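Asker: So that we are looking at the same thing, I have put the structure below in structure tokens.
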Amino acid sequence: ILEAVQRLLNLLGPESPALHPLVMPLLSYCLDLRQPEVSEGLLEDGLALWLVAVRNAPNCLTPDPTAMAAAAAAAAAAAATSSNPGGNNNNDNNPGANPAAATAVTSGTSEHGSSLSASAAAAVAAASLPVLVIPERVAVLETLLAPFAALRSIVEASSEHLPLVVAILASTAMLAGPALYGNPAVRQHVVDVLLQIVGNVSERGLLITLPCLERLLQAAPREAGAALQPVLLRLLGLLLG
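Rendered as structure tokens:
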């Protein structure tokens with residue numbers, strides 16, 4: 044049954060939330076280690092189903108329009124400044140009279156090079172724009188994050204399913220972005236799962252986990268950096284030790 048539902052989710056793609064009323068009760072049962080019928084195979088199938096549901100979910104984030112407008116204004120100002128750094132005067136052809144031109148001559152750069160730097164800075168700023176959860180997708184996101192409550196117990200019981208666990212963490216980070224840390228309960232579940240992994244698995248297990256940590260930090264640098272500080276400090280301690 045679980046494999047059939049996975050296929051249906053893959054077929055529906057972005058329309059897969061229509062199946063969430065069927066998927067979530069299945070996950071609630073399969074991921075509950077207190078259920079006597081939950082075997083290792085059923086648990087693995089449940090984790091795989093959750094992963095498929097997350098990966099087929101529609102995009103839930105959109106750039107913050109206020110931040111976009113501010114970034115566009117800043118980029119325009121930077122472009123204007125870089126295109127005319129010294130102002131319009133008769134000394135433009137005299138490097139000694141134009142400090143900006145003198146700097147360009149001595150450093151081997153040009154005004155065109157400065158313009159490229161401004162563009163690169165604007166691109167970096169755009170990539171780090173704050174995002175918002177699309178209002179129509181809030182329920183979808185909350186539904187897909189709900190099973191996190193069971194994940195810590197699964198990791199505590201065994202590291203056998205570590206590849207699936209870190210794949211779920213990475214995929215939910217890419218789907219939810221900063222919203223993964225907006226709910227205090229979910230944020231704590233994420234931290235607890237990672238603390239249970241880091242320092243308690245083999246070197247191979249840690250190598251499996253590191254790309255996941257990278258994804259978490261990429262998806263929400265500010266929020267993840269603050270929330271995952273205990274995990275990062277423990278990891279640093281392992282590296283230094």
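If you count the sequence shown from 1, position 86 lands on 129 in this note's numbering, and the numbers rise without skipping. The beta carbon of each residue, even a glycine, is placed where N, CA and C say it ideally should be. Note that the coordinates shown come from a computational prediction; the quantities given were computed from them, not determined experimentally.
1) Does DSSP put V176 in a helix, in a strand, or in coil?
2) Terminal residues of the continuous beta strand (DSSP E) containing L104?
3) With a 10 Å radius around its C-beta and 16 neighbouring C-beta atoms as the bar for buried, classify A222 as buried or exposed.
4) Between which residues of its own chain and V167 is the CB-CB distance below 7 angstroms, once the five residues before and five after are set aside?
5) Are the beta-carbon atoms belonging to L187 and A269 less than 8 angstroms from one another?
6) With burial defined as no fewer than 16 other Cβ atoms inside 10 Å of the residue's Cβ, what is the status of L271: buried or exposed?
7) Can V66 and L90 be called in contact, C-beta distance under 8 angstroms?
8) Given that a residue counts as buried once 16 or more other Cβ atoms are within 10 Å of its Cβ, and exposed if not, what is N102?
9) Taking C-beta to C-beta, are A100 and P64 nearer than 8 angstroms?
10) Can you tell me the Cα-Cα spacing of A47 and L70, whole angstroms?
11) Kindly indicate which residue of A219, L212, R195 has the alpha-carbon position closest to the one of Q239.
12) Can you name the start and end residues of the alpha helix (DSSP H) that H318 belongs to?
13) So, helix, strand or coil for D75, using DSSP?
14) Starting from the C-beta of L94, find all residues in its chain whose C-beta is less than 8 angstroms away, skip the five residues before and the five after it, and write them out in chain order.
15) Quick one: is I197 buried, meaning 16 or more other Cβ sit within 10 Å of its Cβ, or exposed?
16) Which of helix, strand or coil does DSSP assign to V234?
17) In chain order, what residues of the same chain have a beta carbon less than 7 angstroms from the beta carbon of L51, not counting five sequence neighbours either side?
Answerer: Per the coordinate set shown:
1) strand
2) 104-106
3) buried
4) Residue confidence for V167 is low, a pLDDT of 38 falling below 50, so the modelled location carries little weight; the figure read from the coordinates is stated next. Result list for V167: empty, nothing under 7 angstroms.
5) no
6) It is buried - the Cβ of L271 has at least 16 other Cβ atoms within 10 Å.
7) no
8) exposed
9) Result no, Cβ atoms of A100 and P64 do not sit closer than 8 angstroms.
10) 14 angstroms
11) By alpha-carbon distance to Q239, the top candidate from A219, L212, R195 is R195.
12) Only positions 44 to 284 of the chain appear in this structure, which leaves residue 318 out of reach.
13) coil
14) L207, A210, I211, S214
15) buried
16) helix
17) L62
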